[in-house]
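The structure under discussion appears below in the form of structure tokens.
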Amino acid sequence: MPDRTPDEILKELQPIFQEALDEPQLKVTLRSNAANTPNWDSLAHIDIIETVERHFGVKFALGELQDLKEVGDLVALLILKTR
Amino acid sequence: MTRPQEKIPKGYLSLMIPSVSSELAALSPVDLLAQKRSLRRKLAARDYLQPIRIAVLGGSTSSEIVSLLDLWLLESGFSPVFHQSEYGRFYVDAVHDTQALVDFRPDIIYLHTSVLNVQSFAPLQASQAELEEHVNSEFSRFEQIWSSIAEKIGCIVIQNNFEFPPVAILGNLDAVSTGGHTRFIAELNRRFTLAAERHSKLFIQDVCSISARMGLDHWFDRRRWFSYKIVTTLEGTRELAISLNAMIRASYGKTRKVLVLDLDNTLWGGVIGDDGADKIQIGRETPLAEAYTEFQEYCLSLRNRGILLAVCSKNNEEIARQGFEHPDSVLKIEHISSFKANWDAKHENIALIAQELNLGADSFVFVDDNPAEREIVRGQVNGIAVPEVGDDVAAYARIIESGRYFEQIAISKEDLERATLYQQNAERATFETKFGNYGEYLNSLGMTAEIGRFKPVYIERIAQLTNKTNQFNLTTRRYTLAEMEQIAADPDFIGIYGKLSDRFGDHGLISVVLARRDRGTLHMDLWLMSCRVLKRGMEEAMLDAVVEAAQQIGVGTIVGTYLPTPKNGMVADFYAGLGFLPYHPLDAVLPPGATMWTLNLAGYTQRNRHIKLMEHANAG
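Sequences listed follow chains E and L, in order. In this text, residue positions in the first sequence follow our numbering: the first is 10, and each later residue adds one. In this text, residue positions in the second sequence follow our numbering: the first is 4, and each later residue adds one.
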């Protein structure tokens, strides 16, 4: 199966972010992070990671969790892990 | 989460929003996360929520447990406000820097701690005395917390005991050696148990058992500990929230009080009306019978601790009662505080049970193996809990238990006597129930039927259904397979079968009508249906098919006969219900109690409103 593109992954992530950040109209970009996105507190972050893991059927290693700084990192990691 | 709640006029939404009872329990963790905030908005918009102030003092990050507990408490009818300590500051906030906690004026303080918060495990080479010393020192830290709270606040304290450690370095010896962490936790938990007997406002959340039920490997998530300082998996946190909600409900007297039980394939195996009381699965003879016996024992043990039992079953009452006279039946009729076995909708019977017991149906738990019955009861009865018990009796008790509906914080003498008391008081009053639109419910089932003329591929099933159906069977005539095959080929007979499926699954071939042409009249020699799909509109859909077949051969009148048996009383008025008129032909010789009915087909309009018909079916 060919790699999923960043756009495809990002599209799949949008509803997860919209619910976790409680912003139905929100569109995150690869550069979105906790500092530049409303409501992205620590609980929202945990909810996002838990949902993404279950939605994509992947488990992030501790080191991978630590390196997630912005949405782009998450997208890149998901491309790698769903390969 | 931080956005203000939308303002909604009081008294308005409680009428509009369907009950959300039991919805949370049915959600998988991922669905729960995917709807957490929208669910919260929906639940918080309901009326008459009871305010409650809860302080969570955490040995780990408490935001996740608080967010889930918040949802469950909202569903229970509370409107919770939370105060959270910084992670790891539970001792300091409760014993030294108490002002913030005192100012919050909590109704309940939850100490959210874990084995990872234990400070002084005994060393590997500890003597017995050293072990006790270390347990004492750890215990006294918690005792100081409880005493400080009792002195300064005086509210209820919920303190968890501890799960066993994530690793047991001594293996099996860890549970035995004085230096084993597993043994240390066992000793510490015992001290907590004894403390709870002394402190009247201290209640122990049994995390040792909760984690054991999940399995420690599913309980701990070390990544989440290192990343967020959360001890458990999301699933573990969910179990904590469910158990806490149950404890808080119990301390506010909101424990559920009644277990409402279906009969066939719920309390015993088989269909008593069809199989007969001597053929139901109960006792010790087969694995299935044994499992039903154990489930009855479970129900009886609930009754013995004060939970009332009620029966709500689609059955003939007299036949249903015979199930309790079965020599192997653990439950006897006197254990049942309210008994409803008839052919009315279950939500109507539950309203009658509530009336008889003088209890709100929101204190009921309803158990039925039939998903469609669960669905209508959940949709029509406000606040009732309807666990998804499935249809395997081996799992019923575990699934009911996991809902923690009957949690108590203490067992009183009254609890032990309650069952008898209610039984004496139960009134056998009846009243008209008015519930929401039944048609809407039927539409929501997404029913599809295949109705057509007998086909060779179905003949065997048609003969089988014909010979085993006793209740919904107008004439109870039996035919061998060979006779059925012969009839299928006879142009004077019209055989129609019906198959039904809905969004819960395929019921298969569940209805058979056999009509015989005699000049200008069509006689219904046979009309039968499985009771499982009673009052779904299948009766009307089958009539439509009969009428269509009659009109195709130029017949203008249908004649139906009801021949009573000890088991088919439920269809005595079947033809009358379909608009047939009583018919008394002069030459007819009928057995006692039998009736004949006729329907003139002029101007007949289609009756089926709720079932989608598969189009190719009539062509065969």
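The C-beta atom is built at its ideal place from N, Cα and C for all residues, glycine as well.
Self-check item: Rounded straight-line distance, which links the Cα of D265 of chain L to that of N345 of chain L
Solution: 12 Å
Quiz item: Is V105 of chain L helix, strand or coil when you go by DSSP?
Solution: helix
Quiz item: What are the start and end residues of the beta strand (DSSP E) that includes H526 of chain L?
Solution: 524 to 532
Practice problem: Verify the CB distance criterion: does E101 of chain E have a CB-CB separation below 8 Å to chain L? | Solution: No answer is possible for residue 101 of chain E: the residues shown for chain E start at 10 and end at 92.
Quiz prompt | Closer than 8 Å to chain L by CB, R13 of chain E | solution = no
Self-check item: Ranges of the beta strand (DSSP E) found wholly within the region 163 to 213 of chain L, counting only runs of at least 3
Solution: 205 to 208
Quiz prompt | Under 8 Å between C-beta atoms of L2 of chain L and F142 of chain L | solution = Here chain L comprises residues numbered 4 to 623, so residue 2 of chain L is not present and cannot be evaluated.
Exercise. Check the C-beta distance from L39 of chain E over to V80 of chain E and give it rounded, since I have them as a contact under 8 Å.
Key: 6 Å
Quiz item: Alpha carbon to alpha carbon, what distance is there between H54 of chain E and S25 of chain L?
Solution: Per-residue confidence for S25 of chain L stands at a pLDDT of 46, beneath the threshold of 50, marking its modelled position as unreliable; the derived number appears in the next sentence. When rounded, the distance between both Cα atoms is 27 Å.
Quiz item: Among L:D277, L:A591, L:L537, which has the Cα closest to the Cα of G563 of chain L?
Solution: L:A591
Quiz prompt | Unbroken stretches of the alpha helix (DSSP H), 4 residues or longer, contained in the region 62 to 146 of chain L | solution = 66 to 78, 93 to 98, 102 to 107
Quiz item: I think F167 of chain L touches A125 of chain L, with their Cβ atoms under 8 Å apart; what is that distance to the nearest whole Å?
Solution: Contact flag wrong, Cβ pair sits at about 15 Å.
Self-check item: Cβ neighbour criterion (16 or more within 10 Å) applied to N298 of chain L
Solution: Residue identity check: residue 298 of chain L is Phe in the sequence provided, not Asn. By the neighbour-count rule (16 or more Cβ atoms within 10 Å), F298 of chain L is buried.
Exercise. Compute the Euclidean distance between the alpha carbons of A518 of chain L and I499 of chain L, then round it to the nearest angstrom.
Key: 8 Å
Quiz prompt | Same chain only: Cβ atoms within 6 Å of T433 of chain L, ignoring 5 sequence neighbours per side | solution = Only weak support is given to the placement of T433 of chain L: the predicted model assigns it a pLDDT of 31, under 50, and the value that follows is read from those uncertain coordinates. Here the set comprises nothing.
Quiz item: Is there at least one Cβ from chain L nearer than 8 Å to R63 of chain E's Cβ?
Solution: yes
Quiz item: Is there at least one Cβ from chain L nearer than 8 Å to I88 of chain E's Cβ?
Solution: no
Quiz item: For chain L, is any of its Cβ atoms less than 8 Å away from the one on I55 of chain E?
Solution: yes
Exercise. Counting only the same chain and skipping the five closest in sequence on each side, list residues whose C-beta sits under 6 Å from that of K615 of chain L.
Key: These residues qualify, in order along the chain: T451.
Practice problem: Using three-state DSSP, classify P54 of chain L as helix, strand or coil. | Solution: strand
Exercise. May I ask you to list, following chain order, the residues of the region 64 to 78 of chain L that have a beta carbon less than 9 Å from some beta carbon of chain E?
Key: T64, S66, E67, V69, S70
Quiz item: Between Q131 of chain L and T181 of chain L, which are expected to be in contact by the criterion C-beta below 8 Å, what is the C-beta distance as a whole number of angstroms?
Solution: 6 Å
Self-check item: A44 of chain E - containing alpha helix (DSSP H), residue span
Solution: Where A44 of chain E is concerned, there is no enclosing alpha helix (DSSP H), given that its DSSP letter is neither H nor E.
Practice problem: Please compile the residues from chain E whose C-beta is within a distance smaller than 8 Å of the C-beta of V170 of chain L. | Solution: Per Cβ cutoff of 8 Å: no residues; V170 of chain L is ~16 Å from chain E at best.
Exercise. Would you kindly work out how many angstroms separate the C-alpha atoms of L76 of chain L and N248 of chain L, rounded to a whole number?
Key: 6 Å
Quiz item: Would you call the CB atoms of S504 of chain L and M532 of chain L closer than 8 Å?
Solution: no
Quiz item: Could you give the distance in angstroms between the alpha-carbon of A485 of chain L and the alpha-carbon of E453 of chain L?
Solution: Using only the alpha carbons, I get a separation of about 24 Å.
Exercise. Can you pull the chain E residues whose beta carbon is under 8 Å from the beta carbon of Y3 of chain L, in chain order?
Key: Nothing can be reported for residue 3 of chain L: it is not among the residues displayed for chain L, which extend from 4 to 623.
Quiz item: Start and end of the beta strand (DSSP E) containing G511 of chain L?
Solution: 508 to 521
Quiz item: Does the Cβ-Cβ distance between T296 of chain L and V333 of chain L come in under 8 Å?
Solution: yes
Quiz item: What is the residue span of the alpha helix (DSSP H) that W600 of chain L lies within?
Solution: That residue, W600 of chain L, is in no alpha helix (DSSP H); its beta strand (DSSP E) goes 598 to 603.
Quiz item: Taking Cβ positions only, does E79 of chain E come closer than 8 Å to chain L?
Solution: no
Exercise. Scan the region 347 to 420 of chain L and note each continuous beta strand (DSSP E) run of 3 residues or more that stays entirely inside, going in chain order.
Key: Counting only runs of 3 or more, we get 367 to 370.
Quiz item: Since N476 of chain L sits in a beta bridge, which residues does DSSP pair it with?
Solution: L:L531
Quiz prompt | Where C302 of chain L falls: helix, strand or coil (DSSP) | solution = DSSP places C302 of chain L in helix when its eight states are reduced to three.
Quiz item: What is the C-beta distance between N175 of chain L and N192 of chain L, in whole angstroms, given that I count them as a contact (C-beta under 8 Å)?
Solution: About 19 Å; that fails the 8 Å criterion.
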